[in-house]
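Residue numbers (this note's numbering): 1291 to 1504.
Beta carbons are placed, not taken as given, at the ideal position from N, Cα and C, and that holds for glycine.
Here is the structure we will look at.
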């Protein structure tokens, strides 16, 4: 409203981007068999990726006589194969259950909170509370992989956009104009002694034929 009262028109796409940033996080209500903690604020895409990794996985409740460890995740197919081998040897089989995905609820963050809760601590430090953000990052031993635009601009690196994207960085750009080829000068080799002798023989034969015809 502040912008509109002053006659400044805002395109809807800008509002969409802001709302998306404010709703990009979810709060973990049940971590399930994931590595999340209850109450963690996690990026929605990362949360879905971690849950997707649990598909086809099982949670080992009791390892039996196998070499696996209790309370670990393993592939369902692998656990069944191990159980089949243990049954043949009449040993204790593995007790397992399907891995449980984490549960979450959507969270609406304020603009300031959303900016400070990004994966990149360099980007967050450039917005507000610089000292606090950098101190927390140092204590937690965070690593910034410089995946966004803002942090790459701050560090003076090529931004990951357009030809700066990783998949285009090694592409060789050439001109559309046809290239000009310079022909190498042909060097005539001097005839060898054998070639000279053959030429002399051919000349003599030609002379004999001309005399006969005459």
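### Query
Which residues in the same chain have their Cβ closer than 6 Å to the Cβ of residue 1324, if we skip the five residues on either side of it in sequence?
The beta carbon of residue 1324 sits closer than 6 Å to those of 1340, 1392, all from its chain and outside the five residues before and after it, given in chain order.
### Task
Measure the C-alpha to C-alpha separation of residue 1344 and residue 1389 and round it to an integer number of angstroms.
Answer to the nearest angstrom: the Cα atoms are 6 Å apart.
#### Entry: Reference residue 1437, options 1362, 1451, 1373, closest by Cα
Ranking 1362, 1451, 1373 by Cα distance to residue 1437 puts 1451 first.
### Sub-8 Å separation of residue 1411 and residue 1440 beta-carbons
No, these two residues do not count as a Cβ contact at 8 Å.
### Query
Closest to residue 1369 by CA distance: which of 1378, 1384, 1362, 1379 is it?
Ranking 1378, 1384, 1362, 1379 by Cα distance to residue 1369 puts 1384 first.
### Task
Buried or exposed for residue 1429, please, with buried defined as at least 16 other CB atoms from any protein chain shown within 10 angstroms of its CB.
So residue 1429 ends up on the exposed side.
### Query
Hey, residue 1394 and residue 1453: beta-carbon distance below 8 Å or not?
Cβ atoms of residue 1394 and residue 1453: not closer than 8 Å.
### Message
By DSSP's criteria, residue 1315 is part of a beta bridge. Which residues make up the other side?
### Response
DSSP, once it has assigned bridges, lists 1333 as partnering residue 1315.
### Task
May I have the straight-line CA-CA distance separating residue 1367 from residue 1373, to the nearest angstrom?
Each residue's Cα considered, the two are about 10 Å apart.
### Task
Closer than 7 Å by C-beta to residue 1399: which residues in its own chain qualify, once you throw out the five before and the five after it? Chain order, please.
Excluding sequence neighbours, residue 1399 sits near 1312, 1315, 1407.
### Task
Could you tell me the distance, in whole angstroms, from the CA atom of residue 1534 to the CA atom of residue 1418?
Look at the range of the chain in this structure, 1291 to 1504, and you will see that residue 1534 is not part of it.
### Task
Identify whether residue 1292 lies in helix, strand or coil by the three-state DSSP scheme.
If DSSP states are grouped into helix, strand and coil, residue 1292 belongs with the helices.
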